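**Student:** Every letter in the sequence shown is one number past the one before it in this note's numbering, and letter 60, counting from 1, is 48. The beta carbon of each residue, even a glycine, is placed where N, CA and C say it ideally should be. Everything numeric in this text was worked out from a predicted model, so none of it was measured. One structure is given below, represented as structure tokens, and several questions about it will come after.
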Amino acid sequence: MTDLTTSVGSVVLRAPVMTASGASGHGAELAPYGRLGDLGAVVVKSLSDGPWPGNPAPRLHPLRDAAAGMINSVGLQGPGTESWLTEDLPALIDEGADVVASIWGDTVDGYRRAADSLAEAPPQVVAVEVNVSCPNTEDGMRM
């Protein structure tokens, strides 16, 4: 079998393919479609330091100046890092996946708290991605 091992900085991945943050929710939703352990990593939907309700419905909006198309505005809904660690991460570990935890905050301190809460995560959390560009929040996450 061909060795697809690759490195991103000091992080060694078994393959050069990862999911996109948010595309698979908190990760295990993709398990019916393939072996998550064969991916380089599953990048989970961005997490804050606590639960966040996201934007109210409707979350799909037509593009105003286009003949067709829509945009979503979920607003970073999520369970928070502590809940994710106990409720969602175990299913990914059971699938053999390495995980990149994506975090966000509405202040610099919010980012710090989210990162701190992952400091003791299991070794299957191989990296932390910092989401500083989500347009689905008021002012596009400007601080």
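#1: Rounded to whole angstroms, what's the CA-CA distance from Gly39 to Gly93? Just pull it up for me.
#2: Is Ile81 near Pro110, with beta carbons less than 8 Å apart?
#3: In its own chain, which residues sit with a C-beta less than 8 Å from the C-beta of Pro4, not counting the 5 before and 5 after it?
#4: Identify the residues that DSSP records as bridge partners of Gly13: which are they?
#5: Using 10 angstroms around the beta-carbon of Thr95, count the other beta-carbons present and answer buried if the total reaches 16, otherwise exposed.
#6: Should Val116 and Ala85 be called a contact, given that it needs their Cβ atoms to be closer than 8 Å?
**Tutor:** Judging by the given coordinates:
#1: Reading off the sequence shown, one finds Pro at residue 39, where the question assumed Gly. Rounded to the nearest angstrom, the two C-alpha atoms are 11 Å apart.
#2: If you check the CB distance, Ile81 and Pro110 come in under 8 Å.
#3: Excluding positions up to five away in sequence, the list reads Leu(-8), Thr(-6), Gly28.
#4: Looking at the DSSP assignment, Gly13 forms a beta bridge with Gly10.
#5: When all chains shown are included, Thr95 counts as exposed.
#6: Their beta carbons are not under 8 Å apart, which means Val116 does not touch Ala85 by this criterion.
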